Every structure is written in C-alpha cells, then in structure tokens.
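Q:
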Amino acid sequence: MASAERSGRRSDDKIRVKKNVRGGWWRHELMLRAMLCTLGTALSLYALHVEMNRGGDSAYRAWCDFAESVSCSRVFASRWGRGFGLVEPLLGKDSMLNQPNSIFALPFFTLQLLLGMTQSATAALALMVTAVVASAGCFYLAYLLLFVLHDLCLVCITSYIVTFALLTLDYRRLVHLHAHWQVQPPPPTKRQLRRVREKTE
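The numbering used here applies: residue 37 is where the sequence shown begins, and numbers increase by one.
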C-alpha cells in the first residue's frame with residue numbers, strides 16, 4: 037500500500053514537472069526569448085548601419101547622437117568598435133577578424149533564438165556557455181565605454197541589458213530542466229545505448 041502511494045506521488049510529480057516545463061513557463065520563456073533576440077538583432081543591425089554611414093560621412097549623425105558624450109556613432113567608429121579593440125593590435129587593421137562588434141553579436145542572438153526552441157540538455161548548456169561569454173564581452177565593452185571612451189552609448193547599453201536578460205533566461209532554463217530531469221531523467225544518448233548493447237552481447 038505504501039509502495040503504491042509512493043509510486044502515485046512520483047507519478048503526480050512527473051505530471052506536475054512536465055506541465056511546468058512544457059506549460060506556461062515554457063511558452064512565456066519562448067515569447068520573452070523571441071522578443072529579446074529580435075531586439076538584440078535589430079540593435080546590432082542598426083549599429084552596423086550607423087558604422088557604415090559614419091565611415092563614408094564624418095558629418096553623419098544618428099538618432100542616438102545626442103551630445104559629444106552621448107554618441108553611439110562615435111563609439112562605433114572608434115578603435116574599440118571593431119574586433120573589440122583587440123584584433124587590430126594583434127592581427128592588423130585589415131584582418132578578416134577585424135569586423136564591427138555588431139557582426140559578432142548577430143550570430144549570438146540567432147543562436148540564442150534557435151537553440152532556445154529545444155529542451156535538450158546540450159542546447160541548454162550551449163545557451164548558458166554562449167551567454168556567459170557574451171556577458172563577459174559586455175562587461176569589457178561597458179568598461180571601455182565608461183572609463184576609456186567616456187561615452188554613454190544608448191544602443192550599446194541596451195544591447196548589454198538584452199544580453200544579461202538572456203543570460204538570466206538561460207540560467208532559469210537550466211534550473212527548470214534540472215528539476216525535470218531529477219524526476220524524469222533525459223533519454224539515454226546513442227553512446228550509452230551502444231554500451232548497453234555491447235554489455236548484453
């Protein structure tokens with residue numbers, strides 16, 4: 037009798053966790069992730085647009101240029117606006133890797149959106165790792181923005197906020213999926229199945 041009750045409670049736990057993972061939380065997470073990734077992509081494309089226009093016209097003013105110390109185009113056109121300011125000293129100004137920082141941001145937001153549509157363990161870990169790396173880059177760029185360039189780039193700051201928000205989402209996803217896996221472990225990988233077959237043969 038007690039065993040049946042424990043089995044019933046465990047079954048109820050599985051149902052609750054499954055509903056929690058695939059239910060309201062999952063839908064809200066996907067909607068918020070899509071909004072953040074869309075905003076991040078739009079900001080990156082706009083930053084690229086501003087840099088291209090500023091490169092051909094030094095008098096060009098973007099809508100985010102409010103003053104000398106509040107100018108996104110000045111930041112994008114600076115040495116640190118390409119290759120994070122690290123590629124040029126190491127590989128030269130004409131290196132293929134010396135691209136606008138926004139070029140590196142576009143794959144990140146695309147990856148966050150596409151991998152965010154699956155609940156696999158590998159995808160969750162990849163999301164977390166890429167978000168941590170991107171957040172570290174944001175801290176570095178924010179330091180340059182405030183203490184080297186002494187500028188308040190609204191587009192940059194908004195992009196940093198979007199990245200940190202995605203990092204929070206990725207962390208919460210790991211927590212939720214971990215709770216789900218504790219009750220219902222993820223399916224075995226092909227390698228694990230192969231090992232089981234080898235032992236039984």
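Cβ atoms here follow ideal geometry from the backbone N, Cα and C, with glycine treated the same way.
Since we're looking at a predicted model, the values are computed, not measured.
Buried or exposed for S267, please, with buried defined as at least 16 other CB atoms from any protein chain shown within 10 angstroms of its CB.
A: Outside the shown range of the chain, which is 37 to 237, sits residue 267, and nothing can be said about it.
Q: Among L122, C108 and W62, which has the Cα closest to the Cα of H186?
A: Comparing Cα-Cα distances from H186 to each of L122, C108 and W62, the minimum goes to C108.
Q: Tell me, which residues are paired with A70 by DSSP?
A: A70 pairs with nothing; no bridge assigned.
Q: Would you mind working out which of W61, F140 and L75 sits nearest T166, comparing C-alpha positions?
A: The option with the nearest alpha carbon to T166 is F140.
Q: Look up A1 in the DSSP assignment and say whether it is helix, strand or coil.
A: The chain is shown only over 37 to 237; residue 1 falls outside these bounds and no answer can be derived.
Q: With a floor of 4 residues, list each alpha helix (DSSP H) that falls wholly inside the stretch 73-158, ordered by position along the chain.
A: Listed in chain order, they are 108-112, 123-127 and 137-151.
Q: So V232 is in the alpha helix (DSSP H); what residue range does that whole segment cover?
A: It spans K226 to T236 - the alpha helix (DSSP H) in which V232 sits, taken as one unbroken run.
Q: Sort A178, L190, L84 and T146 by Cα distance to E104 and report the nearest one.
A: Nearest of A178, L190, L84 and T146 to E104, Cα basis: L190.
Q: Taking the beta carbon of V111 as the centre, do at least 16 other beta carbons fall within 10 Å, making it buried, or is it exposed?
A: The residue in question, V111, is buried, as its Cβ has 16 or more Cβ neighbours within 10 Å.
Q: If you draw a straight line from the C-alpha of V211 to the C-alpha of A157, how long is it?
A: Answer to the nearest angstrom: the Cα atoms are 11 Å apart.
Q: Between the Cα of G121 and those of L181, L84 and Y96, spot the shortest distance and give me the residue it belongs to.
A: Comparing Cα-Cα distances from G121 to each of L181, L84 and Y96, the minimum goes to L181.
Q: In whole angstroms, what is the alpha-carbon distance linking A38 and E234?
A: Here A38 scores only 44 on pLDDT, less than 50, and its place in the model should not be relied on; the value that follows carries that caveat. A38 and E234: Cα-Cα distance of roughly 37 Å.
Q: Let me make sure I understand the geometry here. Which of T199, L133 and D206 has the alpha-carbon closest to that of A162?
A: Of the listed residues, the one whose Cα sits closest to A162 is D206.
Q: Using the Cα positions of P136 and G119, report the straight-line distance between them to the nearest angstrom.
A: P136 and G119: Cα-Cα distance of roughly 6 Å.
Q: Which of the three DSSP states is assigned to L182 in this structure?
A: Helix at L182.
Q: Output needed for E124: all residues of its chain with C-beta closer than 8 Å, excluding positions within five of it in sequence on either side, in chain order.
A: For E124, where only same-chain residues beyond five positions count, the Cβ hits under 8 Å are R115, R118, S131 and N134.
Q: Note down the Cα distance separating H214 from H64, rounded to an integer number of angstroms.
A: When rounded, the distance between both Cα atoms is 18 Å.
Q: Quick check on the burial criterion: 16 or more other C-beta atoms within 10 angstroms. Buried or exposed for G60?
A: So G60 counts as exposed.
Q: For T199, count neighbouring Cβ atoms within 10 angstroms of its own Cβ and tell me buried if that reaches 16, exposed if not.
A: That one is buried.
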